[in-house]
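Working notes for the structure below.
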Amino acid sequence: MNDDDVKKIMFIMRQAPHGTIYSYEGLETILVFGAFEQEMSMAFIGDGIFAAVKGQDTEGIGIKGFIKTYGVLEDYGVDHMYVDKESMEERGLTPEDFVVDVEVVSAAEIGRIMEEQHATIPY
Amino acid sequence: MKFTVLVHEGPYNHQAADTAYNFTKAAIAKGHEIVRIFFYHDGVYNITNQAEPPQDDRDIYKRWSDIAKDNGIDTVACIAASKRRGINDKYMVEGTRISGLGQLADAVIGSERLVTFG
């Protein structure tokens, strides 16, 4: 595969990690896309930013937690994790609150990066 | 233009299933190519064969089956999402199939546009 064939694909986490399955099944998609060696990134927007927040304990809601999966995403080819600055601040969070290294950017900047993508997949 | 259509929501429960169908139909009418239709999350229920919707309503399952067969469109439900919801290859409407998420990746890479509904 030459470089021209590598496509930019962004996965957008929009919804809170628990309460619905979108965030969890979204992660499964990213792991499978990893095998296709594309240029992958993630954007955390709105309540979606809670998906990557430290200290999650899902025992009380009786579901398998998936926060540990975030630790391997870089190995699967996710090169950038963007967090929307405004969404983060509105929720009283800081860059240190995430389980992975994130890039905090403005909504306008995320919009600009989205424009560069071959495809965006929302969860 | 080459499109992949991705459906995230279940039939009747959410408008996404109808809008995705209407989009697909319109795109074909305009001469575009639909590389693949892929169903994920509760969207996998769209192409199952056990439902009997009321006769005075649209038959979402049959619509997908017909558009897939009439136009030779590869129409696929995610196997992991399906198994989680009690669906296997015995429960697919005619002209559709069940397969892995790799089929979504392959379609996205091979299309000019991915359009997600739901």
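The listed protein sequences correspond, in order, to chains D and A. Per our numbering, the very first residue in the first sequence carries number 743; after that it's consecutive. Per our numbering, the very first residue in the second sequence carries number 152; after that it's consecutive. The beta-carbon is built from N, C-alpha and C at its ideal position, and this holds for glycine as well.
Taken through DSSP and simplified to helix, strand or coil, LYS750 (chain D) comes out as strand.
Close to THR267 (chain A), with beta-carbon spacing below 7 Å, are these residues of chain D in chain order: ILE863, PRO864. Taking a Cβ-Cβ threshold of 8 Å, none of the residues of chain D is close to TYR196 (chain A); the smallest such distance is about 13 Å. Between ASP826 (chain D) and GLY768 (chain D), the C-beta spacing is not below 9 Å.
Only buried fits THR199 (chain A), as 16 or more other CB atoms lie within 10 angstroms of its CB. Here the alpha carbons of GLU781 (chain D) and ILE751 (chain D) stand approximately 6 Å from one another. Under the rule that a run must span 4 or more residues, the alpha helix (DSSP H) segments found entirely inside the region 187 to 245 of chain A read 211 to 222, 230 to 235. Excluding sequence positions up to five before and after VAL842 (chain D), its CB lies within less than 8 Å of the CB of ALA794, TYR812, GLY813, LEU815, GLU816, MET823, all in the same chain and listed in chain order. In this structure, the straight-line span from the alpha carbon of PRO759 (chain D) to that of GLU857 (chain D) is close to 25 Å. For ILE803 (chain D), no chain A residue has a Cβ inside 9 Å of its Cβ, as the nearest lies near 17 Å away. The Cβ neighbour count for ASN197 (chain A), taken over all protein chains shown within 10 Å, is at least 16; the residue is labelled buried. Considering only A:PRO205, A:PRO162, A:THR170, the residue with the shortest C-alpha distance to PHE268 (chain A) is A:THR170.
Straight across, the Cα-Cα distance linking ASP257 (chain A) with TYR172 (chain A) is about 21 Å. For a cut-off of 8 Å, the C-beta gap from VAL259 (chain A) to THR155 (chain A) is around 6 Å, short enough to register as a contact. Here MET784 (chain D) has MET752, PHE753, ILE754, MET755, ILE772, LEU815, VAL820, HIS822, MET823, TYR824 as same chain residues with Cβ atoms under 8 Å from its own Cβ, once five neighbours each way along the sequence are excluded. An exposed status is given to ALA850 (chain D), since fewer than 16 other beta-carbon atoms sit within 10 Å of its beta-carbon.
Residue nearest to ILE224 (chain A) within the set A:HIS165, A:VAL186, A:VAL266, A:ASN164 is A:VAL186 (criterion: CA-CA distance). Closer than 9 Å to the CB of VAL846 (chain D) there is not a single CB belonging to chain A. Neighbourhood of VAL158 (chain A) in chain D, by CB distance below 7 Å: empty, with the nearest CB roughly 12 Å away. Taking the CA atoms as reference points, GLY251 (chain A) sits about 18 Å from TYR865 (chain D).
At a cut-off of 9 Å between beta carbons, GLU828 (chain D) makes no contact with chain A.
In the structure shown, the three-state DSSP call for PRO162 (chain A) is coil.
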